[in-house]
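**Q** If you scroll down you'll find the structure; I have some questions about it.
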Amino acid sequence: MLPRLSTTERTEFGTGPGGCVVYGYPSTGGVLVKEADLLDMLFLSLSRSHESQRSPSVDEEDRFCNLMRQTGAKWWSSREDMLEARLGAREMTEEEEKVLVFGWPTDGVAMNMEEKIQMMREYGATFVEDVTQVEELRESEVCLESY
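Just so we're aligned, residue 1 is where the sequence shown starts under the numbering used here, counting upward by one.
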């Protein structure tokens, strides 16, 4: 059994292939985890050089978690559960083995996200016009309507 890990960290640098792991703590429980690249950090409005902490506001944290879902963050029951699965202490479920990557084209300044989408196309990503067709994003549907 692993020792209890912090539930206040928003970002942790020096880990993961992208160099930063982002955590979100939805009010419904569990933790969202994203191994973030530069575009994810920009999309989430996070510092690329300084670690940050979760919001003390439940509503603000839930809004952040909705944005994290849009990047393909994965939900785990806890950080400890995630580590146990990743370290092989238990088998991952089919859902946990999924890798989700999302891109959000805009008409605005997000030309970098457009480049990410182009790369996703080159790697054979599946695209949908309506985000409600994506089961993993249905929870954030209300947030997406106002985005």
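Don't be surprised by glycine CBs; every beta carbon is placed ideally from N, CA and C.
The structure presented is a predicted model; accordingly, all values stated were derived computationally and were not measured.
Hey, how far is the Cα of Glu51 from the Cα of Asp59?
**A** As the crow flies, the alpha-carbon of Glu51 is around 21 Å from that of Asp59.
**Q** How long is the line joining the alpha carbons of Ser146 and Gly72, rounded to whole angstroms?
**A** Caution is warranted here: a pLDDT of 40 is assigned to Ser146, below 50, making its placement in the model unreliable, and the coordinate value is therefore given only provisionally. Cα-Cα distance, rounded: 19 Å.
**Q** Does chain D have any CB closer than 8 Å to the CB of Gly24?
**A** Annotation note: the requested chain D is absent from the structure, which comprises a single protein chain.
**Q** Would you call the CB atoms of Ser6 and Glu61 closer than 8 Å?
**A** no
**Q** With Trp76 and Val33 assumed to form a contact (beta carbons below 8 Å), what rounded beta-carbon distance in angstroms separates them?
**A** 6 Å between Cβ atoms; contact.
**Q** Do Gly30 and Ser78 have their CB atoms nearer than 8 Å?
**A** yes
**Q** Mapping the DSSP letters down to three states, classify Tyr147 as helix, strand or coil.
**A** Model confidence at Tyr147 stands at a pLDDT of 39, short of 50, so the residue's coordinates are unreliable; what they give is reported in the following sentence. Coil.
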